[in-house]
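Last residue of the sequence shown: 1082 in my numbering, with the numbers rising by one and none dropped.
Note that CB positions come from ideal geometry on N, CA and C, so glycine has one too.
Since the model is a prediction, treat every value here as computed from it, not as a measurement.
Contents: one structure, followed by commentary.
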Amino acid sequence: MYWEKEIETLERKGLEKFQVEWLMKSLVQAVNSPFYGRDPEIQRIVKSGLNSVEQVHELPFTTKEQLRNDFPWGFLSVDKKDVVRLHSSSGTTGNPTVVYHNRHDLGSWANLMARSLYAAGIRDTDVFQNICGYGLFTGGLGFQYGVERLGCLSIPAGAGNSLRQIKLMRDYGTTAAHAIPSYLGRLYEVFKEEGLDPHKDTNLHTLVIGAEPHTEEHRQRIEEMFGVKAYNSFGLSEMNGPGVAFECLEQNGLHIWEDAFLVEIINPITLLPVQEGEIGELVMTTLDRQAMPLIRYRTRDLTRFLPGTCKCGRTHRRLDRIAGRSDDMFIIKGCNVFPMQVEGVLLKLPEVGADYRIILATIEDQDEMIIEVEVKKEWFRGDLAFLDKLQRHITRLIRDEVLVRPLIKLVEPGSIPKSEGKAVRVFDQRIK
Ligand code: COA
Ligand code: AMP
Ligand code: ZN
651 MYWEKEIETL ERKGLEKFQV EWLMKSLVQA VNSPFYGRDP EIQRIVKSGL NSVEQVHELP
711 FTTKEQLRND FPWGFLSVDK KDVVRLHSSS GTTGNPTVVY HNRHDLGSWA NLMARSLYAA
771 GIRDTDVFQN ICGYGLFTGG LGFQYGVERL GCLSIPAGAG NSLRQIKLMR DYGTTAAHAI
831 PSYLGRLYEV FKEEGLDPHK DTNLHTLVIG AEPHTEEHRQ RIEEMFGVKA YNSFGLSEMN
891 GPGVAFECLE QNGLHIWEDA FLVEIINPIT LLPVQEGEIG ELVMTTLDRQ AMPLIRYRTR
951 DLTRFLPGTC KCGRTHRRLD RIAGRSDDMF IIKGCNVFPM QVEGVLLKLP EVGADYRIIL
1011 ATIEDQDEMI IEVEVKKEWF RGDLAFLDKL QRHITRLIRD EVLVRPLIKL VEPGSIPKSE
1071 GKAVRVFDQR IK
């Protein structure tokens, strides 16, 4: 029933006592970094000590901008020689957000992943296929080490090549898999094209879906298509990656692991805690990370705590599905994109005019990012070969920046409709 019964079912008082102790350890560790080492509030609490978890409100927030500004080593709290891995956001210009781990951190992360998968009913008898980007994406190695810790037969399939994914499933009798929800529609279509039915032609019983927003209806559609139970998995690279919050067999919200993270939900404008059960921005503090502790990190994800207790007996609170973001980041094909990244690429090109817009659409069961780019008059009149070359050039630059190949449409100056007030750049028309 539980991977670690004692900690997963610890009553709230015990959990809070644990959190106070580990928050203090985290602060002591954090001040070893140049960034937190110069923070007077953190220094003060490290000296005076902590009495309750409520005192977390006395600490300053940490933002993505600060992570970027103090790139590359500003948040490192251990000796560089003890760091064994980093994960980093995409981007070829500007500073990425990078997170460092030492051996201890990777061990704790693998354990949280194993705990999460166990909560979703996955056991060491399962054959687990990880259909997700490896490399710097955290979903690849994050799931990999968790699945191995749990003891399943793991298939590190990676993203892409749907035919091969299906062959792997059938050759090795995959029983459980992880994939992003928007890709599963495409995978199902390829099953159909091959004259196969996932219900009859695979041993799948569980899918773990996450890394991007999706609705309850979308989950149900995935369950019907594949004849499985599908469990929501939430995480973000700044908090390791996957293994932060996970659904149990009850499928009624995501248990967030409160022995590893101190969790708050705040109003993103006033920065004060919201009323119990109200939607706000998720703020998280690592309790057990040594190489790079983060204090009150503003995730920008909007969600709420669900009321009541869970029938499974786990005491760690449950988050509702992510309702949106308090910034303009969107996710396409499992890759995070900030419109500023697209704009940054376009602005460097002398041929490109002042306007562009991004349309997210579902084309033949695949999500695509279409970017309409205004080309200056003198260049738009150029020959077709020139425009073709420009289109390919922009495609490559944007793909390198955001890791997804965009469909670039070059358009005449003035042809992009103007929005009233603040320019709206992103139009999300995807079928959800
Ligand atoms: N996961 C797995 N495969 C995906 C996918 C996804 N999110 N999105 C698309 N694909 C598949 C496509 O179906 C296609 O395979 P097929 O034609 O055999 O069916 C193949 O990848 C390439 O698709 P394309 O649309 O040309 O992709 P792209 O060049 O725009 O993007 C990806 C390349 C898909 C490899 C890249 O977007 C990626 O790595 N996505 C996964 C990100 C991820 O795992 N995020 C989770 C992090 S925790
Ligand atoms: P990354 O840091 O690349 O792993 O991306 C993390 C972001 O992906 C989060 O901050 C969320 O915005 C989004 N995300 C991850 N998991 C989920 C999920 N299960 N539901 C909705 N959004 C998610
Ligand atoms: Zn539960």
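Relative to Glu658, the option among Arg799, Arg968, Ile919, Ala827 whose CA is nearest is Arg968. When the five nearest sequence neighbours on each side are left out, the beta carbons in the same chain lying within less than 6 Å of the beta carbon of Glu1062 are those of Phe1030, in order along the chain. Short of 6 Å from the beta carbon of Gly783, and not among the five residues preceding or following it, lie these beta carbons of its own chain, in chain order: Gly790, Ala809.
Of the residues assessed, Ile805 falls on the buried side of the cut-off, its CB having 16 or more other CB atoms within 10 angstroms.
The region 954-1013 contains, as complete beta strand (DSSP E) runs of 3+ residues, the segments 980-982, 985-987, 1002-1013 (chain order). One Cα belongs to Thr1012, the other to Gln991, and the distance between them is close to 22 Å. Secondary structure note for Gly1032: it is in no alpha helix (DSSP H), with a DSSP letter that is neither H nor E. Excluding five sequence positions before and after Met889, the CB atoms of its chain that fall closer than 8 Å to its own CB belong to Phe911, Met934, Thr936, Leu944, Tyr947, Thr949, given in chain order. DSSP places Thr788 inside the alpha helix (DSSP H), whose first and last residues are 788-800. Nearest to Ala760 by C-alpha distance, out of Lys1059, Gly891, Ile772, Gly744, is Gly891. Sequence-distant Cβ neighbours of Leu956 in its own chain, meaning closer than 6 Å and more than five residues away, are Gly903, Arg968, Asp970. From the listed residues Glu931, Arg1055, Met1019, the smallest Cα separation to Phe711 is found for Glu931. The continuous stretches of beta strand (DSSP E) do not include Ile816, which lies in the alpha helix (DSSP H) extending over residues 812-822. Pairing Ile781 with Pro831 gives a Cβ-Cβ distance that is not under 9 Å. In this chain, the beta strand (DSSP E) harbouring Met1019 covers 1016-1025. Per DSSP, reduced to three states, the secondary structure at Gln1079 is strand. In this structure, Thr852 and Met819 form a Cβ contact; the two beta carbons are roughly 5 Å apart against a cut-off of 8 Å. Burial state of Ser1065 is exposed, judged by a 10 Å Cβ sphere holding fewer than 16 other Cβ atoms. Inter-residue distance for Leu803 and Thr775 is about 8 Å (C-alpha atoms, whole angstroms). Across the set Cys898, Asp1078, Val1052, Pro1056, the C-alpha of Val1052 shows the shortest separation from the C-alpha of Leu786. At least one heavy atom of ligand 3 lies closer than 8 Å to the C-beta of Leu899. Secondary structure note for Asn752: its beta strand (DSSP E) is the uninterrupted segment 748-752. Closest option to Gly699, judged by alpha-carbon separation, among Asp909, Trp672, Ala861, Tyr686: Trp672.
Residue range 714-719 is occupied by the alpha helix (DSSP H) that includes Leu717. Counting only runs of 4+ residues, the alpha helix (DSSP H) found wholly inside the region 651-682 occupies 655-658, 662-680, in chain order.
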